[in-house]
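Here is the structure we will look at.
Number of protein chains: 2
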Amino acid sequence: MSFKKVKGGVCAPKGFLGGALGCGIKDPANPRTDLTLIYSQHPCVSAGTFTTNRVKAAPVKVTQAHLRALDLRAIVANSGNANACTGVRGIEDARTMAKTVAASLGLRQREVGVCSTGVIGLPLPMERMEPGLAKLADQLTGNGGSEVASAIMTSDTTLKEIAVSTTIGGRTVHIGACAKGAGMICPSMATMLCFVTTDANISKSCLQKSLLEAVEGSFNRICIDGDMSTNDTVLALANGQAGGKPIARRSKACREFSEALQHVLLELAKACVRDGERVSKFVTLEVRGASVYLDAKKVAEAIAKSALVKSSWNGGDPNWGRIIHAIGYSRARIREELIDISYNGKTACEGGLMAKTPIKALRDIAARDSFTITVNLHLGKADYTIYTSDISPEYIDFNRSEYSYWKNAGLK
Amino acid sequence: MSFKKVKGGVCAPKGFLGGALGCGIKDPANPRTDLTLIYSQHPCVSAGTFTTNRVKAAPVKVTQAHLRALDLRAIVANSGNANACTGVRGIEDARTMAKTVAASLGLRQREVGVCSTGVIGLPLPMERMEPGLAKLADQLTGNGGSEVASAIMTSDTTLKEIAVSTTIGGRTVHIGACAKGAGMICPSMATMLCFVTTDANISKSCLQKSLLEAVEGSFNRICIDGDMSTNDTVLALANGQAGGKPIARRSKACREFSEALQHVLLELAKACVRDGERVSKFVTLEVRGASVYLDAKKVAEAIAKSALVKSSWNGGDPNWGRIIHAIGYSRARIREELIDISYNGKTACEGGLMAKTPIKALRDIAARDSFTITVNLHLGKADYTIYTSDISPEYIDFNRSEYSYWKNAGLK
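In order, the protein sequence lines correspond to chains A and B.
As numbered in the numbering used here, residues 1 to 412 make up the first sequence, in order.
As numbered in the numbering used here, residues 1001 to 1412 make up the second sequence, in order.
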């Protein structure tokens, strides 16, 4: 199936508006856009996936409750403060965000999803946010996609948005999405947010299934440090404005929609890895030949999370010894003497031993900004691919202190 | 029970000799002591614990087989090359190390334990090592403890040895030990080795049980990065020269020996953390009030392995938000609203929310070289303590490349 890239981000699908403004959440003295709204002019079906961290931010709890009650038709989000570990007050603040926006849009409170990203443990500065929340609906326009994407950026250096059009069941369908970086990539914030809009006329069950599959094949496959945020959220809204027969679950059209959605989310997920601040390498890590899927996943994650492996990537060192050592402690079933490891197809380790490829050839590959490492366990047919990055001295330096946030919040 | 620190390291107990020499294993142009031998003048009982990495270095496999067959009476060890991922040749080389030493000592090959630490994937330079192996027994002296400890150092900056004397069953018993750093602390080598000698007259089963318990309470409680080496080995030799009634398992004397051994190994384990190259903080991390032991352990390990938490320690930032976020993804049973987190007893987080302690007081503590973080889950009675460190920009820099080793080995 073919996709055409189009402009407009989350506002590319018919009937979606977006807007943003700044209310100085992070730093009153230095305001930037930090509050944003997505709105569908028509009723939607909606779906979401959330962090599995057992410490969940207030907006996650509130949005999960809203989604269980009604379908979302709008999303309000802020950057600069995660509204996490903020107790009863945090829940009230998240509800106030939804309520204020709902009032100005003529929606019910539970039709509004709420997302926050930023520092943990500080209450939201509602006194600064409330005037902004009341004015937010006035900012909505049909070409506000980039403003939405921009307002959720934290340490991201690039705007991450995408929109595609494709044909499903004879109708032109648009999918738009934006995201902000995840985990170690945006460490001070440590949150991945992604908003998806579509004009597909799709059943709720098909949208839910497609979103779960697409997240599993994209955001769950990027691994920066294994840290999992209290706020990670992916929300999808479908307003049916493309028309045509509703796309039912288990139909060919549903599979096509799912494929298109996965394409969109994988692009954004890779963009999150590439935009890792202070990160210099994009590594595609393929694990092949595991006995079972979970073993392939364990091996990939052990490698991608190893600080020693990531340090060697930073140095452009084709250090397969550190990779095999991570494979060994992954708890997956392996046989050392069967393991092959290659860099862009050039074998570095064959049957658990150093291969004959000259080290210079491997070093040339590991010196590039982007390369593929393939591990073959030669035990079975299960595969798993992860997109990951190096770790740099500058990353640690960047993450040494969040004290400026506390100071800005007036704490001593 | 009371211990007296004594001099002599592994040679402090009666009847143990040690010695070392250099054969340029790592770099022929720049030789340092890299080959060492411990020998008991009397027969021993022996015990060992080994890495659980499924990729095991050749010396680990060989020593495990030797220990199953006979009791060890000598240990030969080299630094500069791990003899890991070296296949059949690696096994032969490890056996040759034991055999050559056994011949010069008049022992059977299987009475000699073999350990290696260094780079993975390169065969041992046996042509340079064999002359050294043949001469090694000539180096043995009764005060060679420090030479042994020095020869196994890799990126360690301090010699790690200890010896104590204590009274067990009316007899004066000595325990001596030396170690080299573990995991992320000694990253290029990524191996923890520890050799224990004692003149206690002890049964094999008491020695085995005591060693397992002491390692569980010491080396298994230091967590630098979660990377687990292919070579980690702890070996204990007891030659009975203190005399007296043999110490049987389940006796009071066995418990006393076990306690003394744990004291010795914990001192060495903490020294490994403190000597983390490019590491600036020593953090004692206590988890209390978990429902079950495994949950306390999961929480402690999740915190101690988080790159974000470790970065904040490097910056002296009392960032409890990152700690609670790691608790949340640890997979332990928790209730966010019950969690307390304190720095040297000063509460930073109370019931999952920011406590009233002024941030300045917390920052003063986190700025120190050494502090204690206590997490109380308030769910039950299970505790777990880990000794850990920060991660520094210099650490990443230090670990960017092992190419010099490959180059020294003549590979291009």
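Don't be surprised by glycine CBs; every beta carbon is placed ideally from N, CA and C.
Since this is a predicted model, take the numbers as computed values, not measurements.
Delimiting residues of the alpha helix (DSSP H) encompassing residue i
i: E1336(B); result: Element bounds for E1336(B): n/a, residue is neither H nor E.
i: S312(A); result: A307 to N314
i: E213(A); result: K204 to E216
i: I1025(B); result: Premise fails: I1025(B) is in no alpha helix (DSSP H) and is neither H nor E.
i: A58(A); result: A58 to A69
i: D1156(B); result: No alpha helix (DSSP H) contains D1156(B), which DSSP labels as neither H nor E.
i: C272(A); result: K252 to R274
i: M129(A); result: M126 to K135
i: R1400(B); result: No alpha helix (DSSP H) holds R1400(B); DSSP gives it neither H nor E.
i: L140(A); result: Here L140(A) belongs to no alpha helix (DSSP H), and DSSP marks it neither H nor E.
i: D1364(B); result: I1359 to A1366
i: G1328(B); result: W1320 to G1328
Contact set between residue i and chain A, taken where Cβ atoms lie within less than 9 Å
i: H1174(B); result: Under the 9 Å cutoff, chain A gives no residues; its nearest Cβ is about 35 Å from H1174(B).
Strand pairing of residue i, partner residues [DSSP]
i: E1350(B); result: L1353(B)
i: N78(A); result: L35(A) and S116(A)
i: R1095(B); result: BP columns for R1095(B) are empty, so no partner.
i: V1196(B); result: A1177(B) and A1236(B)
i: M1389(B); result: Reading the sequence as shown, one finds Ser at residue 1389(B) and not Met. Beta-bridge pairing links S1389(B) to F1282(B).
i: G1019(B); result: L1037(B)
i: R171(A); result: I168(A)
i: V1045(B); result: A1238(B)
i: Y1384(B); result: V1287(B)
i: N414(A); result: The structure shown does not extend to residue 414(A), since chain A spans only 1 to 412, so no value can be given for it.
i: A1163(B); result: G1176(B)
i: I1222(B); result: Y1387(B)
i: K4(A); result: S165(A)
i: I247(A); result: I202(A)
i: S1370(B); result: F1282(B)
The ligand COA heavy atom lying under 6 Å from the CB of residue i
i: D156(A); result: Ligands are entirely absent from the displayed structure, and the ligand COA is therefore not among its contents.
Short CB-CB distance (under 7 Å) between residue i and chain B
i: D138(A); result: no
i: P393(A); result: yes
i: I396(A); result: yes
i: M354(A); result: yes
i: G113(A); result: no
i: G19(A); result: no
i: S370(A); result: no
Among the options, nearest to residue i - alpha-carbon criterion
i: M192(A); options: R249(A), L268(A) and K204(A); result: L268(A)
i: L35(A); options: V148(A), L70(A), R89(A) and K14(A); result: V148(A)
i: E130(A); options: N143(A), L21(A) and M153(A); result: L21(A)
i: I222(A); options: A242(A), T141(A) and A271(A); result: A271(A)
i: I1359(B); options: I1327(B), N1376(B), I1386(B) and G1316(B); result: G1316(B)
i: G48(A); options: K160(A), S306(A), L67(A) and E256(A); result: L67(A)
i: D1232(B); options: F1050(B), C1178(B) and I1373(B); result: F1050(B)
i: G1015(B); options: A1238(B), A1348(B), S1330(B) and K1245(B); result: A1238(B)
i: G217(A); options: L266(A), L308(A) and N78(A); result: L266(A)
i: L159(A); options: G181(A), V173(A) and T167(A); result: G181(A)
i: I1052(B); options: A348(A), S330(A) and I365(A); result: It is worth fixing the name first, because residue 1052(B) is Thr in this sequence and not Ile. It is S330(A) whose Cα lies nearest to the Cα of T1052(B).
i: Y1384(B); options: R1288(B), D1390(B) and F1282(B); result: R1288(B)
i: G240(A); options: A177(A), K7(A), V173(A) and A84(A); result: V173(A)
i: C44(A); options: G243(A), H263(A), G144(A) and I373(A); result: G243(A)
i: R490(A); options: L211(A), N143(A) and C206(A); result: With chain A covering 1 to 412 only, the question about residue 490(A) has no answer from this structure.
i: L1423(B); options: V1119(B), G1090(B) and V1076(B); result: With chain B running from 1001 to 1412 in the structure shown, residue 1423(B) is simply not present.
i: P318(A); options: K26(A), Y343(A) and A290(A); result: Y343(A)
Where residue i meets chain A, residues with beta-carbon distance less than 7 Å
i: V1055(B); result: I324, H325, I327, G328 and E336
Closer than 8 Å at the beta carbon, the chain A residues around residue i
i: V1279(B); result: Residues of chain A passing the Cβ test: none, with the nearest at roughly 11 Å.
Chain A contact for residue i (CB, 7 Å cutoff)
i: I1120(B); result: yes
i: S1401(B); result: yes
i: T1230(B); result: yes
i: S1311(B); result: yes
Neighbour list for residue i in chain B, Cβ cutoff strictly below 8 Å
i: C85(A); result: G1321, I1324, E1336, C1349, G1352, L1353 and M1354
Residue i: contacting residues in chain B (beta-carbon distance under 7 Å)
i: G315(A); result: R1400 and S1401
Cβ of residue i within 7 Å of any chain C Cβ
i: K1310(B); result: Looking for chain C here will not work: the only protein chains present are A and B.
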